[in-house]
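Encoded as structure tokens, the structure appears first; notes follow it.
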Amino acid sequence: MSYKTGAGGASQQMMEEIAEAYSLEFPDNLFKLIGYFSDENWLMRKIACEYCARLGERIFSYLYESLCDEDADENRVYWGVKTFTRFAGTPQSVEAADYLTKLLDYASKNLSNGDHNKLIYIIKACGLMKAQDAAPGLIEFLGHASWIVRKEASGALMQIGRSTAPLLKEAFSSGNKDIRYWTVKLLGQMLGVDAVDSFKKLLKSEKKDLRYYALTALGENDGDGIIELVVSCLGDESWLVRAQAAEILEKKGGAAIAPLKKAFSTSANSDVKYWTVKVLAKLLRDDAVEYMQEALDTEDSELKYCVIEAFSHMKFDKVAPLLLGLLDDPAWLVRKHVASIFLKFGGQAAAFLLNALDEEHNENIRYWAVQIISRGDGCSFGRLLNLLKDPGRSERVFIIQAIRESSNDQALPALFELLLDPLWTIRREAAYAIAEYGPEKAIEHLVENTSLENPDVRFWAQKIMNSFEQKAVDIMAERVKNAESQGELELLEKTYPLLELLESPKCADIILSTLKGKKQAYKELMCKSLRDIRNERFVHNVLKVFDSEDAGVCFFVAQILRNISKNLYHLLYSALDDRNAEKRVWICKIFSEIRDGSFIAPLMVLLSDDDRNVRYEATRALARFESSDVFENLIKRFIDEDEEGRICIIENVKSLVDKKMVHLLVEALEDSSDTDAYWISKLLVEAASAHLELIEKLHDDAGEKSSARYWLKKVSEHINGISYL
Numbered sequence: 001m002s003y004k005t006g007a008g009g010a011s012q013q014m015m016e017e018i019a020e021a022y023s024l025e026f027p028d029n030l031f032k033l034i035g036y037f038s039d040e041n042w043l044m045r046k047i048a049c050e051y052c053a054r055l056g057e058r059i060f061s062y063l064y065e066s067l068c069d070e071d072a073d074e075n076r077v078y079w080g081v082k083t084f085t086r087f088a089g090t091p092q093s094v095e096a097a098d099y100l101t102k103l104l105d106y107a108s109k110n111l112s113n114g115d116h117n118k119l120i121y122i123i124k125a126c127g128l129m130k131a132q133d134a135a136p137g138l139i140e141f142l143g144h145a146s147w148i149v150r151k152e153a154s155g156a157l158m159q160i161g162r163s164t165a166p167l168l169k170e171a172f173s174s175g176n177k178d179i180r181y182w183t184v185k186l187l188g189q190m191l192g193v194d195a196v197d198s199f200k201k202l203l204k205s206e207k208k209d210l211r212y213y214a215l216t217a218l219g220e221n222d223g224d225g226i227i228e229l230v231v232s233c234l235g236d237e238s239w240l241v242r243a244q245a246a247e248i249l250e251k252k253g254g255a256a257i258a259p260l261k262k263a264f265s266t267s268a269n270s271d272v273k274y275w276t277v278k279v280l281a282k283l284l285r286d287d288a289v290e291y292m293q294e295a296l297d298t299e300d301s302e303l304k305y306c307v308i309e310a311f312s313h314m315k316f317d318k319v320a321p322l323l324l325g326l327l328d329d330p331a332w333l334v335r336k337h338v339a340s341i342f343l344k345f346g347g348q349a350a351a352f353l354l355n356a357l358d359e360e361h362n363e364n365i366r367y368w369a370v371q372i373i374s375r376g377d378g379c380s381f382g383r384l385l386n387l388l389k390d391p392g393r394s395e396r397v398f399i400i401q402a403i404r405e406s407s408n409d410q411a412l413p414a415l416f417e418l419l420l421d422p423l424w425t426i427r428r429e430a431a432y433a434i435a436e437y438g439p440e441k442a443i444e445h446l447v448e449n450t451s452l453e454n455p456d457v458r459f460w461a462q463k464i465m466n467s468f469e470q471k472a473v474d475i476m477a478e479r480v481k482n483a484e485s486q487g488e489l490e491l492l493e494k495t496y497p498l499l500e501l502l503e504s505p506k507c508a509d510i511i512l513s514t515l516k517g518k519k520q521a522y523k524e525l526m527c528k529s530l531r532d533i534r535n536e537r538f539v540h541n542v543l544k545v546f547d548s549e550d551a552g553v554c555f556f557v558a559q560i561l562r563n564i565s566k567n568l569y570h571l572l573y574s575a576l577d578d579r580n581a582e583k584r585v586w587i588c589k590i591f592s593e594i595r596d597g598s599f600i601a602p603l604m605v606l607l608s609d610d611d612r613n614v615r616y617e618a619t620r621a622l623a624r625f626e627s628s629d630v631f632e633n634l635i636k637r638f639i640d641e642d643e644e645g646r647i648c649i650i651e652n653v654k655s656l657v658d659k660k661m662v663h664l665l666v667e668a669l670e671d672s673s674d675t676d677a678y679w680i681s682k683l684l685v686e687a688a689s690a691h692l693e694l695i696e697k698l699h700d701d702a703g704e705k706s707s708a709r710y711w712l713k714k715v716s717e718h719i720n721g722i723s724y725l
């Protein structure tokens, strides 16, 4: 359904509703129209307001009561006071203003802090109606908690006019700080030139708050000499007054430039210079550079600070050279502030500083340039990292230290590469920087991207890992556990080698967790991955496993320990002094696997060990060394052993017997008892059958009374199957 529209774009239906309401008896028609003040249609609200006003001054009391209703919403209050203001310029305006004054008084006592909009509507209406009697109430609102309420009250008083001046003067003397501020501001606007002399006198007051208010009032005037007077206040002993003067001068705009320039050039007061620079920078922007440069020729750090801050609002290419020079200022705080300004310029500053690094030799400037670039965008940061690859760059330490503070993840690969740098200082700084990234990131990169083949990398990786203490152990334990549960063999092959870098005794727990598991593949992979072990603390911790674990676990521990580097063999020697015979047995097994010549001496000692199992294992280990000295010692031990021990020696050395060994055994027969000779003969039978001709020749060469001749015949006959021992 469509409607024809009447005046003002209102639909015919809308106009009919309004007309119907208007035609009712008074005051029913008024209440009906007031109801439309809250209609969702703005045009409906507006027309209802117009028709209410047509009902004349008889509506005032009813409308007032309606607006004082606690259920009155913002729309009702807005259009209600709007209805009152429609009587402006009519004979009824004074009465309408009186009701608005009453409404203002009601609002001051009853509206809550959340009803600011209602209050503002009423205040504006009082100003529009020039409600003289509302002035005291409006002055009270100059001290309201809300700034917007204070501002609207000030505007209303200004509309009422100079007639409020006596009340404002009285309020200035008795009101709170907000009231004093706004009253003096209003007086300055209302009285204009007439009040200047009074405010000038106030500027000489010893009370800083009075000077502040006087200055505020003067700022509302544009008379001759006002700007110069405000400029002089830039040297006031009160910071509040100086700041207010600066704010006023900024608002004055171009008219303040000449007086400010003059004050800057002629005044010796550091405060005046500071504030003139501050204001000129905002007014002149890029054109203020020459004044800024002149202001920098001072030892006053505060003034420099202001100039530097002003640079941030100018074009970078105009201020960049000045900022660069300030990076060498004697005051650290000045240099730091310059750095913060460079950062505000972003990429263009970083590009400028990167170029400056190629030309600038000043250490301070180079240091701060690096600090700034390291906090810049990705492109500039990448170029900074490239400088690390040049060993001739003297600022590399600065760069690493800056990275250490910024903790930019983009730098981690470059830092790990520096662990291979020829300079120890660079390697150290890189390691310190990596550690700053925390255990999670550092260990993840170590696992995924780092090989421990290089001794420098291994050394610093170990330093980094152990700087995290227990956190590193916890992270490694979790990584091993997760990789094993998910069957990630490739990841485990990268992870297991890092266990060797840990110095905590808890590292052994991680290893035991794997070795006690059911997956044989993980155990074998761990033994294979832990190679060329160089960490003394790690070996010390793993050796303790022999004290408490079963043979199944100890077997794999021995497989791990056989991979230790030669310079850690002394730890194995020390373990031979352990009271635990089982541990000594496992050390012998490790010696047997490694077969290093340095193990012969300790193994020889173990041939006399109190524990039979240790002696047997030492024998087995020694038998793997194809040495005549070893064999000779074994034969000596053979003679001293019991039957079981002799059988053990026979089993382990029979594959080693050659012609030289045969001669040694025959010589031993000459001085042996019958029992010992019997066992030596058993050894020859088991080990020397391939040397039968030599045995027969030695028999023939032996004297008739030689005991060796007798036993050699027995051996020969045994080998030939004639008779047996």
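Each residue of the sequence shown is one higher than the last, beginning at 1 in the UniProt record's numbering.
For every residue, glycine included, the Cβ atom is placed at its ideal position computed from N, Cα and C.
Being a predicted model, the structure only gives us computed values, none of them experimental.
Sub-9 Å separation of residue i and residue j beta-carbons
i, j, result
"residue 738", "Leu515", "As displayed, the chain neither begins before 1 nor continues past 725, which places residue 738 out of reach and without an answer."
"Lys523", "Phe556", "yes"
"Leu412", "Ile400", "no"
"Val480", "Ile510", "yes"
"Ser301", "Ala339", "no"
"Phe26", "Arg76", "no"
"Leu420", "Arg428", "no"
"Ala256", "Glu250", "yes"
"Val662", "Leu606", "no"
"Phe530", "Asn563", "Phe is not the amino acid found at residue 530; the sequence shown has Leu there. In this structure, Asn563 lies closer than 9 Å to Leu530 by Cβ."
"Asp98", "Gly143", "no"
"residue 726", "Gly192", "In the structure displayed, the chain extends from 1 to 725; residue 726 sits before or after that span and is not available."
"Leu240", "Val277", "no"
"Ala477", "Lys506", "yes"
"Ala349", "Ala310", "no"
"Asp286", "Lys318", "yes"
"Lys208", "Ile160", "no"
"Val230", "Lys252", "yes"
"Phe352", "Phe398", "no"
Bridge-paired residues (DSSP) for residue i
i, result
"Ile464", "None, per the DSSP bridge assignment."
"Ile533", "Ile564"
Cβ distance (whole Å) where residue i is taken to contact residue j below 8 Å
i, j, result
"Phe264", "Leu280", "7 Å"
"Ala433", "Leu446", "Ala433 to Leu446, Cβ: 14 Å. No contact."
"Ile34", "Ala10", "No, Ile34 and Ala10 are not in contact; Cβ-Cβ is about 18 Å, not under 8 Å."
"Ser312", "Gly347", "Actually they do not touch by this definition, with Cβ atoms about 15 Å apart."
"Leu218", "Gln244", "That pair is no contact at about 10 Å."
"Val539", "Leu525", "Not quite, the Cβ-Cβ distance comes to about 20 Å (not below 8 Å), so this is no contact."
"Leu100", "Ala125", "5 Å"
"Ala369", "Leu357", "6 Å"
"Arg534", "Ser565", "5 Å"
"Arg366", "Glu395", "5 Å"
Cβ pair count under 8 Å reaching 3, the stretch 591-604 against the stretch 613-626: yes
Would the stretch 484-495 and the stretch 454-468 be scored as touching if the rule is three or more Cβ pairs under 8 Å? no
What are the uninterrupted segments assigned as alpha helix (DSSP H) that are 4 or more residues long and contained completely in the stretch 553-598, given in chain order? Counting only runs of 4 or more, we get 569-575, 581-594.
Note down, one range per segment and in chain order, each alpha helix (DSSP H) of at least 4 residues found wholly within the stretch 317-373. 332-344, 347-359
Quick check for students: name the residue ranges of the alpha helix (DSSP H) that lie wholly in the stretch 10-71, counting only runs of 4 or more. Within the stretch 10-71, the runs of alpha helix (DSSP H) that reach at least 4 residues and sit entirely inside it are, in chain order, 12-22, 28-35, 42-54, 60-68.
What beta strand (DSSP E) runs, 3 residues minimum, are completely inside the stretch 395-460? none
Whole alpha helix (DSSP H) elements within the stretch 460-508, 4-residue minimum: If we require 4 residues or more, the alpha helix (DSSP H) runs fully inside the stretch 460-508 come out as 470-485, 489-499.
Cβ contact check for the stretch 106-123 and the stretch 86-94: 3 or more pairs under 8 Å: no
With a cut-off of 8 Å, do at least 3 Cβ pairs link the stretch 659-671 to the stretch 692-708? yes
Report yes or no: do the stretch 160-174 and the stretch 198-208 share at least 3 C-beta pairs separated by less than 8 Å? no
Touch check for the stretch 46-65 and the stretch 20-33: three-plus C-beta pairs under 8 Å? yes
Sequence ranges, alpha helix (DSSP H) only - wholly within the stretch 113-196, length at least 4: 116-128, 135-141, 147-160, 165-174, 177-191
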